[in-house]
Amino acid sequence: MNFQGLPITGDSPPTDRPRLGWSSFRRFPAVPQVVTMELVGLNQTLTQLGLPIESLFSLELVLAEVLNNIVEHSYEDRGEGMIELAITVYDHAIHCDVTDHGNPMPNGCLPPKRRYDLETTGLHDLPEGGFGWGLIRDMTCGLSYTREAGVNRLCFYIDLAA
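Quick note: the sequence shown, position 54, residue 56 per this note's numbering, numbers continuous.
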(Lines of atoms letter the chains of each structure in order from A and count residues from 1; the text may use other names and numbers.)
(Lines give C-alpha, C1' and ligand atoms only; values in the text may rest on other atoms or scores of the structure.)
Protein backbone atom coordinates (compact mmCIF):
# COMPACT_ATOMS: atom_id res chain seq x y z
CA MET A 1 0.00 0.00 0.00
CA ASN A 2 1.31 3.41 -0.91
CA PHE A 3 0.17 6.69 0.56
CA GLN A 4 1.34 9.33 -1.92
CA GLY A 5 2.83 7.88 -5.07
CA LEU A 6 6.04 6.75 -3.40
CA PRO A 7 7.30 3.34 -4.46
CA ILE A 8 7.35 0.71 -1.77
CA THR A 9 10.87 -0.66 -1.78
CA GLY A 10 13.63 -1.37 0.68
CA ASP A 11 15.72 1.46 -0.79
CA SER A 12 16.91 4.16 1.57
CA PRO A 13 15.98 7.79 0.97
CA PRO A 14 18.32 9.82 -1.25
CA THR A 15 19.69 11.83 1.71
CA ASP A 16 20.40 11.19 5.34
CA ARG A 17 17.84 13.82 6.36
CA PRO A 18 14.08 13.29 6.41
CA ARG A 19 12.00 14.83 3.66
CA LEU A 20 9.92 17.65 5.09
CA GLY A 21 6.85 19.03 3.34
CA TRP A 22 5.20 15.64 2.66
CA SER A 23 1.47 15.35 3.27
CA SER A 24 -1.31 12.84 2.86
CA PHE A 25 -5.07 12.76 3.33
CA ARG A 26 -6.81 9.42 3.80
CA ARG A 27 -10.50 8.61 4.22
CA PHE A 28 -11.32 5.04 5.16
CA PRO A 29 -13.99 2.89 6.86
CA ALA A 30 -13.89 2.61 10.66
CA VAL A 31 -13.26 -1.14 10.59
CA PRO A 32 -10.38 -2.83 12.49
CA GLN A 33 -8.93 -4.61 9.45
CA VAL A 34 -8.91 -1.41 7.38
CA VAL A 35 -7.32 0.54 10.24
CA THR A 36 -4.53 -2.06 10.36
CA MET A 37 -3.97 -1.82 6.60
CA GLU A 38 -3.84 1.98 6.77
CA LEU A 39 -1.28 1.88 9.59
CA VAL A 40 0.93 -0.57 7.70
CA GLY A 41 0.79 1.52 4.53
CA LEU A 42 1.52 4.73 6.39
CA ASN A 43 4.47 3.19 8.21
CA GLN A 44 5.96 1.90 4.93
CA THR A 45 5.62 5.30 3.29
CA LEU A 46 7.00 7.32 6.21
CA THR A 47 9.95 4.94 6.52
CA GLN A 48 10.85 5.80 2.92
CA LEU A 49 10.86 9.49 3.82
CA GLY A 50 13.81 8.88 6.12
CA LEU A 51 12.01 9.87 9.30
CA PRO A 52 13.58 8.76 12.60
CA ILE A 53 12.51 5.24 13.53
CA GLU A 54 11.75 6.35 17.11
CA SER A 55 9.28 8.96 15.82
CA LEU A 56 7.66 6.41 13.52
CA PHE A 57 7.31 3.97 16.40
CA SER A 58 5.64 6.66 18.51
CA LEU A 59 3.34 7.67 15.66
CA GLU A 60 2.29 4.08 14.99
CA LEU A 61 1.48 3.44 18.67
CA VAL A 62 -0.46 6.69 19.02
CA LEU A 63 -2.40 6.31 15.77
CA ALA A 64 -3.21 2.66 16.54
CA GLU A 65 -4.67 3.73 19.89
CA VAL A 66 -6.53 6.75 18.45
CA LEU A 67 -7.97 4.93 15.44
CA ASN A 68 -8.99 1.87 17.43
CA ASN A 69 -10.69 4.14 19.99
CA ILE A 70 -12.68 5.67 17.15
CA VAL A 71 -13.72 2.23 15.89
CA GLU A 72 -14.60 0.89 19.36
CA HIS A 73 -16.03 3.95 21.10
CA SER A 74 -16.96 6.64 18.62
CA TYR A 75 -18.62 4.21 16.21
CA GLU A 76 -19.23 1.50 18.87
CA ASP A 77 -17.82 -1.31 16.68
CA ARG A 78 -20.85 -1.05 14.37
CA GLY A 79 -18.75 -1.47 11.23
CA GLU A 80 -20.04 1.80 9.83
CA GLY A 81 -18.68 5.32 9.64
CA MET A 82 -15.58 6.84 8.16
CA ILE A 83 -12.30 8.12 9.57
CA GLU A 84 -10.36 10.95 7.96
CA LEU A 85 -6.64 11.20 8.62
CA ALA A 86 -4.51 14.13 7.45
CA ILE A 87 -0.77 13.87 8.05
CA THR A 88 1.84 16.48 7.21
CA VAL A 89 5.56 16.42 7.86
CA TYR A 90 6.90 19.94 8.43
CA ASP A 91 8.68 22.06 11.06
CA HIS A 92 10.56 18.95 12.19
CA ALA A 93 7.35 17.23 13.29
CA ILE A 94 4.69 14.82 12.05
CA HIS A 95 1.36 16.68 12.35
CA CYS A 96 -1.87 14.65 12.51
CA ASP A 97 -5.49 15.70 12.21
CA VAL A 98 -8.01 12.88 12.76
CA THR A 99 -11.74 13.37 12.26
CA ASP A 100 -14.85 11.22 12.52
CA HIS A 101 -18.63 11.67 12.72
CA GLY A 102 -19.24 9.23 15.56
CA ASN A 103 -20.13 9.73 19.21
CA PRO A 104 -18.46 12.63 21.03
CA MET A 105 -15.88 12.13 23.76
CA PRO A 106 -17.45 11.68 27.20
CA ASN A 107 -18.02 15.11 28.77
CA GLY A 108 -16.95 16.69 25.46
CA CYS A 109 -13.26 16.63 26.31
CA LEU A 110 -10.19 14.41 26.34
CA PRO A 111 -10.13 11.80 29.11
CA PRO A 112 -7.76 12.59 31.98
CA LYS A 113 -4.38 10.94 32.16
CA ARG A 114 -4.54 8.09 34.66
CA ARG A 115 -1.59 7.26 36.87
CA TYR A 116 -1.40 4.34 39.25
CA ASP A 117 1.20 3.54 41.87
CA LEU A 118 1.90 -0.13 41.24
CA GLU A 119 3.51 -0.46 44.67
CA THR A 120 0.25 0.44 46.43
CA THR A 121 -2.26 -0.75 43.82
CA GLY A 122 -2.43 -4.45 43.17
CA LEU A 123 -2.56 -5.64 39.58
CA HIS A 124 -6.02 -7.13 40.21
CA ASP A 125 -7.24 -3.66 41.32
CA LEU A 126 -6.22 -1.92 38.10
CA PRO A 127 -9.01 -1.06 35.65
CA GLU A 128 -9.26 -3.09 32.45
CA GLY A 129 -8.82 -0.11 30.13
CA GLY A 130 -8.16 3.58 29.99
CA PHE A 131 -4.38 3.48 29.76
CA GLY A 132 -4.33 4.47 26.09
CA TRP A 133 -4.92 8.15 26.76
CA GLY A 134 -1.91 8.27 29.07
CA LEU A 135 0.19 6.80 26.29
CA ILE A 136 -1.25 9.26 23.75
CA ARG A 137 -0.61 12.22 26.07
CA ASP A 138 2.95 11.07 26.86
CA MET A 139 3.95 10.51 23.23
CA THR A 140 2.41 13.57 21.55
CA CYS A 141 2.68 17.35 21.62
CA GLY A 142 -0.09 19.90 21.11
CA LEU A 143 -2.88 17.39 21.76
CA SER A 144 -6.34 18.91 21.29
CA TYR A 145 -9.91 17.72 20.82
CA THR A 146 -12.90 19.60 19.48
CA ARG A 147 -16.39 18.68 18.37
CA GLU A 148 -18.22 20.99 16.01
CA ALA A 149 -21.28 20.31 13.85
CA GLY A 150 -21.17 16.59 14.68
CA VAL A 151 -17.48 16.20 13.78
CA ASN A 152 -14.88 14.98 16.28
CA ARG A 153 -11.40 16.39 15.59
CA LEU A 154 -8.24 15.26 17.35
CA CYS A 155 -5.00 17.08 16.51
CA PHE A 156 -1.46 16.40 17.69
CA TYR A 157 2.10 16.21 16.51
CA ILE A 158 5.11 13.99 17.07
CA ASP A 159 8.37 15.91 17.41
CA LEU A 160 11.07 14.53 15.09
CA ALA A 161 13.81 15.96 17.29
CA ALA A 162 12.66 14.20 20.47
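Glycine included, C-beta positions come from ideal geometry on N, C-alpha and C.
Since the structure is predicted, the reported quantities are computational estimates derived from the model, not experimental observations.
{"Item": "From N154 to F59, what distance separates their C-alpha atoms?", "Value": "25 Å"}
{"Item": "Below 8 Å between beta carbons: does that hold for T90 and S146?", "Value": "no"}
{"Item": "Quick one: is N109 buried, meaning 16 or more other Cβ sit within 10 Å of its Cβ, or exposed?", "Value": "exposed"}
{"Item": "Within 10 angstroms of its Cβ, does V42 collect 16 or more other Cβ (buried), or is it exposed?", "Value": "exposed"}
{"Item": "E78 lies in the alpha helix (DSSP H); which residues open and close that run?", "Value": "Counting along the chain, E78 falls outside any alpha helix (DSSP H), and DSSP gives it neither H nor E."}
{"Item": "Could you give the C-beta distance for I138 and G104, rounded to a whole number, given that I count them as a contact under 8 Å?", "Value": "The Cβ separation is near 17 Å, so there is no contact."}
{"Item": "Going by beta carbon distance, what residues of the same chain come within less than 7 Å of T148, once the five residues before and after it are set aside?", "Value": "R155"}
{"Item": "Looking only at its chain, what residues have a beta carbon closer than 7 Å to the beta carbon of A95, apart from the 5 residues adjacent to it on each side?", "Value": "Y159, I160, D161, L162"}
{"Item": "Count Cβ pairs between the segment 70–87 and the segment 47–54 that sit closer than 8 Å; are there 3 or more?", "Value": "no"}
{"Item": "Just to confirm the assignment, what range does the beta strand (DSSP E) spanning P31 have?", "Value": "25–31"}
{"Item": "Would you check if the distance between the CB atom of A32 and the CB atom of D99 is smaller than 8 Å?", "Value": "no"}
{"Item": "Pull up the DSSP beta-bridge partners for M39, would you.", "Value": "Bridge partners of M39: none, in fact."}
{"Item": "I'd like to check one pair, L63 with M141: are the Cβ atoms closer than 8 Å?", "Value": "yes"}
{"Item": "Give me the DSSP bridge partner(s) of S146.", "Value": "C157"}
{"Item": "Inspect the beta-carbon positions of G28 and L87 and report whether they are closer than 8 Å.", "Value": "At residue 28 the sequence reads Arg, which differs from the Gly that was named. The answer is yes: Cβ separation under 8 Å."}
{"Item": "Taking just the CA atoms, how far does V68 sit from Y92?", "Value": "21 Å"}
{"Item": "Below 8 Å on the Cβ atoms is my guess for W135 versus P113; work out the distance and round it to an integer in Å.", "Value": "5 Å"}
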